[in-house]
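There are 2 protein chains.
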Amino acid sequence: MRLSRYFLPILKENPSEAQIVSHRLMLRTGMIRQEAAGIYAWLPLGLRVLKKIEKIVHEEMQKAGAIEVLMPTLQLADLWRESGRYEDYGQEMLRIKDRHERELLYGPTNEEMITEIFRAYVRSYKSLPLNLYHIQWKFRDEQRPRFGVMRGREFLMKDAYSFDIDEAAARKAYNRMFVAYLNTFSRLGLKAVPMRADTGPIGGDLSHEFIILADTGESAVFCHKDLVDMSAPGDNVDWDDLQAIVDERTALYAATEEMHDEAAFGAVPADKQLSARGIEVGHIFNFGKKYSEPMNAAVNGPDGTQTHVHMGSYGVGVSRLIGGIIEASHDDAGIIWPESVAPFDVALINLRVGDAACDAACEKAYAALEAAGKSVLYDDTDDRPGAKFASMDLIGIPWQLIIGPKGLAEGKVEIKHRKTGERHTAEFDAVLDQLTKA
Amino acid sequence: MRLSRYFLPILKENPSEAQIVSHRLMLRTGMIRQEAAGIYAWLPLGLRVLKKIEKIVHEEMQKAGAIEVLMPTLQLADLWRESGRYEDYGQEMLRIKDRHERELLYGPTNEEMITEIFRAYVRSYKSLPLNLYHIQWKFRDEQRPRFGVMRGREFLMKDAYSFDIDEAAARKAYNRMFVAYLNTFSRLGLKAVPMRADTGPIGGDLSHEFIILADTGESAVFCHKDLVDMSAPGDNVDWDDLQAIVDERTALYAATEEMHDEAAFGAVPADKQLSARGIEVGHIFNFGKKYSEPMNAAVNGPDGTQTHVHMGSYGVGVSRLIGGIIEASHDDAGIIWPESVAPFDVALINLRVGDAACDAACEKAYAALEAAGKSVLYDDTDDRPGAKFASMDLIGIPWQLIIGPKGLAEGKVEIKHRKTGERHTAEFDAVLDQLTKA
Numbered sequence: 025m026r027l028s029r030y031f032l033p034i035l036k037e038n039p040s041e042a043q044i045v046s047h048r049l050m051l052r053t054g055m056i057r058q059e060a061a062g063i064y065a066w067l068p069l070g071l072r073v074l075k076k077i078e079k080i081v082h083e084e085m086q087k088a089g090a091i092e093v094l095m096p097t098l099q100l101a102d103l104w105r106e107s108g109r110y111e112d113y114g115q116e117m118l119r120i121k122d123r124h125e126r127e128l129l130y131g132p133t134n135e136e137m138i139t140e141i142f143r144a145y146v147r148s149y150k151s152l153p154l155n156l157y158h159i160q161w162k163f164r165d166e167q168r169p170r171f172g173v174m175r176g177r178e179f180l181m182k183d184a185y186s187f188d189i190d191e192a193a194a195r196k197a198y199n200r201m202f203v204a205y206l207n208t209f210s211r212l213g214l215k216a217v218p219m220r221a222d223t224g225p226i227g228g229d230l231s232h233e234f235i236i237l238a239d240t241g242e243s244a245v246f247c248h249k250d251l252v253d254m255s256a257p258g259d260n261v262d263w264d265d266l267q268a269i270v271d272e273r274t275a276l277y278a279a280t281e282e283m284h285d286e287a288a289f290g291a292v293p294a295d296k297q298l299s300a301r302g303i304e305v306g307h308i309f310n311f312g313k314k315y316s317e318p319m320n321a322a323v324n325g326p327d328g329t330q331t332h333v334h335m336g337s338y339g340v341g342v343s344r345l346i347g348g349i350i351e352a353s354h355d356d357a358g359i360i361w362p363e364s365v366a367p368f369d370v371a372l373i374n375l376r377v378g379d380a381a382c383d384a385a386c387e388k389a390y391a392a393l394e395a396a397g398k399s400v401l402y403d404d405t406d407d408r409p410g411a412k413f414a415s416m417d418l419i420g421i422p423w424q425l426i427i428g429p430k431g432l433a434e435g436k437v438e439i440k441h442r443k444t445g446e447r448h449t450a451e452f453d454a455v456l457d458q459l460t461k462a
Numbered sequence: 025m026r027l028s029r030y031f032l033p034i035l036k037e038n039p040s041e042a043q044i045v046s047h048r049l050m051l052r053t054g055m056i057r058q059e060a061a062g063i064y065a066w067l068p069l070g071l072r073v074l075k076k077i078e079k080i081v082h083e084e085m086q087k088a089g090a091i092e093v094l095m096p097t098l099q100l101a102d103l104w105r106e107s108g109r110y111e112d113y114g115q116e117m118l119r120i121k122d123r124h125e126r127e128l129l130y131g132p133t134n135e136e137m138i139t140e141i142f143r144a145y146v147r148s149y150k151s152l153p154l155n156l157y158h159i160q161w162k163f164r165d166e167q168r169p170r171f172g173v174m175r176g177r178e179f180l181m182k183d184a185y186s187f188d189i190d191e192a193a194a195r196k197a198y199n200r201m202f203v204a205y206l207n208t209f210s211r212l213g214l215k216a217v218p219m220r221a222d223t224g225p226i227g228g229d230l231s232h233e234f235i236i237l238a239d240t241g242e243s244a245v246f247c248h249k250d251l252v253d254m255s256a257p258g259d260n261v262d263w264d265d266l267q268a269i270v271d272e273r274t275a276l277y278a279a280t281e282e283m284h285d286e287a288a289f290g291a292v293p294a295d296k297q298l299s300a301r302g303i304e305v306g307h308i309f310n311f312g313k314k315y316s317e318p319m320n321a322a323v324n325g326p327d328g329t330q331t332h333v334h335m336g337s338y339g340v341g342v343s344r345l346i347g348g349i350i351e352a353s354h355d356d357a358g359i360i361w362p363e364s365v366a367p368f369d370v371a372l373i374n375l376r377v378g379d380a381a382c383d384a385a386c387e388k389a390y391a392a393l394e395a396a397g398k399s400v401l402y403d404d405t406d407d408r409p410g411a412k413f414a415s416m417d418l419i420g421i422p423w424q425l426i427i428g429p430k431g432l433a434e435g436k437v438e439i440k441h442r443k444t445g446e447r448h449t450a451e452f453d454a455v456l457d458q459l460t461k462a
């Protein structure tokens with residue numbers, strides 16, 4: 025993408041309304057624009073990151089056997105009356121009446137609707153296990169929306185729902201999502217720790233939140249230090265038997281504030297006790313028959329009797345993850361994107377636009393990198409070099425390729441790694457080769 | 025995808041509520057499920073088609089220089105008061121109050137919001153031309169939602185918005201979208217005719233609807249027959265000078281009912297007069313300063329004076345297109361997908377699951393086709409062959425690869441082309457080779 029033809033409205037000043045660094049940086053880099061309290065438009069740079077995260081979430085869901093659907097944003101109030109949650113949900117539910125005075129709501133989550141879909145079609149245990157997921161916009165009418173996309177009202181969530189014939193199978197479904205989440209967050213460049221969590225309005229008795237640690241986290245969390253650096257299990261696992269992997273991560277103490285047990289935490293060796301602030305980026309629930317019984321979602325079991333299915337639900341805050349990633353990865357100069365979610369792979373900086381040699385070298389680099397499958401943001405504007413450097417540091421593209429007349433006279437260009445700050449000058453072709461293979 | 029592990033709820037009976045063939049077939053094939061009047065959940069098969077259409081729309085937008093953003097579904101009522109459309113829009117606008125009694129609405133279109141974004145950031149004519157687009161869910165509270173996704177309430181639309189310094193540049197922007205639409209619909213396997221159209225609540229004086237002809241079309245349309253088979257211009261065009269291409273398609277008579285001129289139509293040679301029913305799949309508008317003036321979206325022009333920008337907007341009904349494609353492409357046995365949007369490339373039918381040779385051959389075919397980048401729906405269930413054939417004809421995957429014990433004993437398999445109905449038996453490896461290269 026040529027910057028001169030792009031829409032990248034970088035703000036010169038820090039926006040005063042932003043209280044936390046991710047919100048500030050997302051506004052400054054022109055990733056988002058607030059359109060109402062807690063409601064954001066995604067500008068081109070922000071949307072590129074959002075779509076990269078979505079893609080990774082999709083891939084990891086599908087590796088774990090989940091099947092994609094897409095439920096609508098609006099739902100019938102009557103559906104929520106079946107589960108009893110219509111009244112329970114309180115003011116966070118956005119209630120709507122259409123032109124015929126029918127009661128609708130903007131879905132804050134989809135347990136009821138997916139249960140309705142399941143019961144409409146599935147008759148036999150032979151269709152199980154089944155896990156259906158979607159990535160769709162949700163709405164929660166927060167009393168005080170704040171922190172940008174971290175606590176917005178309209179937000180993008182991945183929610184998956186599992187259906188199983190019994191508790192043992194449901195536990196396997198839960199474990200598949202547990203492992204898929206570890207892999208997902210790892211690919212996003214995050215260290216997410218699964219912690220025992222309260223089940224809140226979703227319900228059930230088994231639940232984990234996936235928490236990334238950040239000073240600006242919304243809640244206090246407590247865990248064994250070893251959990252933070254435990255590596256993700258990866259894809260090469262037996263998806264039907266993941267208990268050992270899950271046990272390894274749940275044997276050590278980890279709990280959110282609501283579930284915290286001072287005595288149990290006290291039993292963790294003192295040098296391993298980690299008490300910190302955390303950001304929830306995922307939450308999984310095993311809630312048995314909480315919805316299938318009142319909504320009568322049942323299948324014929326192997327013995328011919330009707331059985332209400334055991335269910336679970338599994339959420340990832342896709343849009344909030346962007347805030348979480350920035351909270352976890354930035355410095356004074358701006359964002360430092362993990363390569364997997366960076367809006368572009370390479371920032372190409374032309375230090376003297378209009379100089380024939382610089383222009384030609386930049387065009388060559390641009391074409392070669394794009395041909396190699398790298399996405400490039402090419403700064404072909406006539407801004408000062410200092411402003412170009414500052415902008416590219418601010419938006420945090422992993423690699424910067426800097427081409428100017430002095431270096432080029434000796435056949436050399438400069439390459440900078442945003443994360444480490446390391447920069448060196450080398451032969452043009454060698455640098456191109458390095459970047460195309462990166 | 026193995027059918028035994030998929031979620032494909034094919035209905036045995038024709039749903040009684042569906043009045044038109046596309047609605048009936050989408051319900052029967054388990055593509056969608058109605059969750060409220062005019063509000064649908066997309067089940068796995070339907071979503072695959074929706075995403076394929078989205079991808080083609082994205083690609084053609086980007087070839088034409090449009091930049092992707094994503095605006096939220098909910099908007100502030102005050103924004104629509106700026107343009108004067110809040111009251112004008114009538115009951116089709118879904119009006120909402122949040123917990124603080126602030127007035128919101130579910131966006132039926134985004135002229136106001138994109139103008140607000142533009143005016144917040146763009147200061148100079150040097151940033152023009154600019155075309156920003158998104159694909160997002162919209163809501164129009166239809167009095168009588170019907171015909172499935174063809175006239176739903178919650179629907180997926182691609183809407184693009186162009187900003188230009190003067191009328192001549194705006195006309196070029198209009199032409200780029202005109203050509204992009206011709207290419208888009210052509211890639212979707214549709215013959216879409218651009219027709220002069222009424223501008224309705226969007227406004228402006230230059231507007232074309234893109235219409236596909238179908239007996240079940242919602243409105244009467246009139247055009248010169250030669251327009252129907254005119255081929256799309258393709259990508260190899262000069263995007264800055266498309267007037268000749270547009271002129272070629274607008275010189276011949278073509279108008280929707282609202283714009284119809286009997287006298288002008290009468291001047292078309294009698295054997296070229298086509299009077300038919302049409303389905304609108306796209307609509308483009310050039311409306312000058314209708315929004316930029318009241319909302320004060322202006323830039324500094326080359327002479328230093330502030331100029332309100334000339335705008336246009338360009339919509340494609342992404343979800344309704346699926347209905348349109350089915351209306352245009354089906355037979356008594358079911359849907360006939362154009363290859364570009366088919367939910368799977370190949371239907372693999374195992375006629376005797378459990379037979380070692382059949383199973384092995386199917387696994388080999390499945391692996392080879394997937395490795396070649398083909399998506400395969402593998403019917404590995406123990407249904408009767410007749411039921412398998414009927415289901416695959418119904419869901420309309422372009423190619424069927426049929427593997428049974430008799431043929432296999434001679435090293436042969438059967439291949440069927442859904443569209444032509446042609447089937448022939450050939451050597452297994454030759455058929456695999458044909459399909460992997462198709």
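Going down the list, the protein sequences come from chains E and V. Counting with our numbering, you get residues 25 to 462 for the letters of the first sequence. Counting with our numbering, you get residues 25 to 462 for the letters of the second sequence. All C-beta atoms in this analysis are idealised placements derived from N, C-alpha and C, irrespective of residue type, glycine included.
**Message:** Counting C-beta neighbours from all protein chains within 10 Å, is the total for A411(E) 16 or more, i.e. buried, or is it exposed?
**Reply:** A411(E) should be labelled exposed.
**Request:** Would you list the one or two residues that DSSP bridges to N155(V)?
**Result:** S186(V), per the DSSP bridge assignment.
**Item:** Sheet register partners of R29(E) (DSSP bridge)
**Value:** None, per the DSSP bridge assignment.
**Message:** Can you give me the C-alpha to C-alpha distance between L298(E) and L156(E), rounded to a whole angstrom?
**Reply:** L156(E) has its alpha-carbon roughly 36 Å from the corresponding atom of L298(E).
**Item:** Three-state class that DSSP yields for G21(V) in the structure shown
**Value:** Given a span of 25 to 462 for chain V in the structure shown, any question on residue 21(V) remains unanswerable.
**Closer than 8 Å at the beta carbon, the chain E residues around L27(V)** = Going along chain E, no residue has its Cβ under 8 Å from L27(V), so there is no contact; the nearest lies around 11 Å.
**Asked** So what does G336(V) bridge to, in DSSP terms?
**Response** Within the DSSP secondary-structure output, G336(V) pairs in a beta bridge with S186(V) and N310(V).
**Item:** Test item: CB-CB of L237(E) and A278(E) under 8 Å
**Value:** No, the pair does not count as a contact, with Cβ atoms beyond the cut-off.
**Item:** Residues of the region 66 to 99 of chain E with Cβ closer than 7 Å to any Cβ of chain V, in chain order
**Value:** Legend: CB atoms of the region 66 to 99 of chain E lying less than 7 Å from CB atoms of chain V belong to residues W66, L67, P68, L71, I91, E92, V93, L94, M95, P96, T97, L98 and Q99.
**Asked** Are L214(V) and F187(V) touching if we call contact CB-CB under 8 Å?
**Response** Taking 8 Å as the Cβ cut-off, L214(V) and F187(V) do not qualify as a contacting pair.
**Prompt:** With burial defined as no fewer than 16 other Cβ atoms inside 10 Å of the residue's Cβ, what is the status of D404(E): buried or exposed?
**Reply:** Taking all protein chains shown into account, D404(E) has 16 or more neighbouring C-beta atoms within 10 Å of its C-beta and is therefore buried.
**Request:** Compare the C-beta of W161(E) with all C-beta atoms of chain V and state if any pair is closer than 8 Å.
**Result:** At a cut-off of 8 Å between beta-carbon atoms, W161(E) makes contact with chain V.
**Prompt:** Roughly how many whole angstroms lie between the Cα atoms of E41(E) and A288(E)?
**Reply:** If I take the Cα positions, the gap works out to 40 Å.
**Message:** For the alpha helix (DSSP H) containing A433(E), name the first residue and the last one.
**Reply:** Residue range P429 to A433 is occupied by the alpha helix (DSSP H) that includes A433(E).
**Message:** When you compare the CB of F31(E) with every CB in chain V, is at least one pair closer than 8 Å?
**Reply:** Cβ-Cβ to chain V under 8 Å: yes for F31(E).
**Message:** Spatial neighbours of A61(V) within its chain, please: C-beta separation below 6 Å, excluding the five flanking residues on both sides.
**Reply:** Within the same chain, A61(V) has close Cβ partners P169.
**Prompt:** Quick one: is G463(E) buried, meaning 16 or more other Cβ sit within 10 Å of its Cβ, or exposed?
**Reply:** The structure shown does not extend to residue 463(E), since chain E is modelled only from 25 to 462, so the question has no answer here.
**Message:** Within 8 Å of any Cβ in chain E, is that where the Cβ of D165(V) sits?
**Reply:** The beta-carbon of D165(V) is placed less than 8 Å from the nearest beta-carbon of chain E.
**Message:** Can you look up M219(V) in the DSSP assignment and give me helix, strand or coil?
**Reply:** M219(V) carries a strand assignment under DSSP once its states are collapsed to helix, strand and coil.
**Request:** Give the residues of chain E in contact with R64(V), contact being defined as C-beta atoms less than 8 Å apart.
**Result:** The amino acid occupying residue 64(V) in the given sequence is Tyr; Arg does not appear at that position. For Y64(V), the neighbours in chain E by C-beta distance under 8 Å run, in chain order, P96.
**Message:** For Y149(E), which residues in the same chain have their Cβ closer than 7 Å to its Cβ, ignoring the five residues on either side in sequence?
**Reply:** Excluding sequence neighbours, Y149(E) sits near I189, V323, N324, G325 and P326.
**Asked** Exposed or buried, what is K76(E) when buried is set at 16 or more other beta-carbons lying within 10 Å of its beta-carbon?
**Response** By the 10 Å Cβ count, K76(E) comes out buried.
**Request:** Could you pull the start and end residues of the beta strand (DSSP E) that I269(E) belongs to?
**Result:** Where I269(E) is concerned, there is no enclosing beta strand (DSSP E), although the alpha helix (DSSP H) it sits in stretches over Q267 to T274.
**Asked** So is the beta-carbon of S151(V) under 7 Å away from any non-hydrogen atom of the ligand ZN?
**Response** Within the structure as shown, the ligand ZN is missing, as the structure has no ligands at all.
**C-beta contact flag for A221(E) and M283(E) at 8 Å** = In this structure, A221(E) lies near M283(E), with their beta-carbon atoms less than 8 Å apart.
**Beta-carbon proximity of R447(V) to E434(V), cut-off 8 Å** = Contact: no.
**Prompt:** Relative to the C-alpha of E166(E), which residue among G70(E), E116(E), N38(E) and V45(E) is closest?
**Reply:** The candidate whose alpha carbon is nearest that of E166(E) is E116(E).
**Message:** Spatial neighbours of Y402(E) within its chain, please: C-beta separation below 6 Å, excluding the five flanking residues on both sides.
**Reply:** Spatial neighbours of Y402(E) in its own chain (CB-CB distance under 6 Å, excluding positions within 5 residues in sequence) are listed in chain order as R26, L372 and Y390.
**Message:** Using a 10 Å radius around the Cβ and a threshold of 16 neighbouring Cβ atoms, would you call R29(V) buried or exposed?
**Reply:** The residue is exposed, with fewer than 16 neighbouring Cβ atoms inside 10 Å.
**6 Å CB neighbourhood of T240(E) in its chain, flanking five on each side removed** = Within the same chain, Cβ atoms closer than 6 Å to the Cβ of T240(E) are found at I44 and E351, the five residues on either side in sequence being excluded.
**Asked** Using the beta-carbon count (16 or more within 10 Å), is E255(E) buried or exposed?
**Response** Here the sequence assigns Ser to residue 255(E), which means Glu is not the residue at that position. Looking at its Cβ environment, which holds fewer than 16 other Cβ atoms inside 10 Å, S255(E) is exposed.
**Request:** Output the distance between the C-alpha atoms of Y113(E) and G224(E), rounded to the nearest integer angstrom.
**Result:** Here the C-alpha atom of Y113(E) lies approximately 11 Å from the C-alpha atom of G224(E).
**Start and end residues, beta strand (DSSP E) containing S231(E)** = For S231(E), the enclosing beta strand (DSSP E) covers residues L230 to L237.
**Message:** Since S343(E) and G176(E) should fall inside the 8 Å C-beta cutoff, what is the C-beta to C-beta distance between them, to a whole number of angstroms?
**Reply:** Correct: roughly 7 Å between the Cβ atoms.
**Asked** In chain order, what residues of the same chain have a beta carbon less than 6 Å from the beta carbon of V270(E), not counting five sequence neighbours either side?
**Response** So the list reads N199 and F202, once near-sequence residues are dropped.
**Message:** If contact is defined by three or more beta carbon pairs under 8 Å, each pair taking one atom from either stretch, is the region 203 to 213 of chain V in contact with the region 255 to 267 of chain V?
**Reply:** Contact between the region 255 to 267 of chain V and the region 203 to 213 of chain V is present, because at least three Cβ pairs lie under 8 Å.
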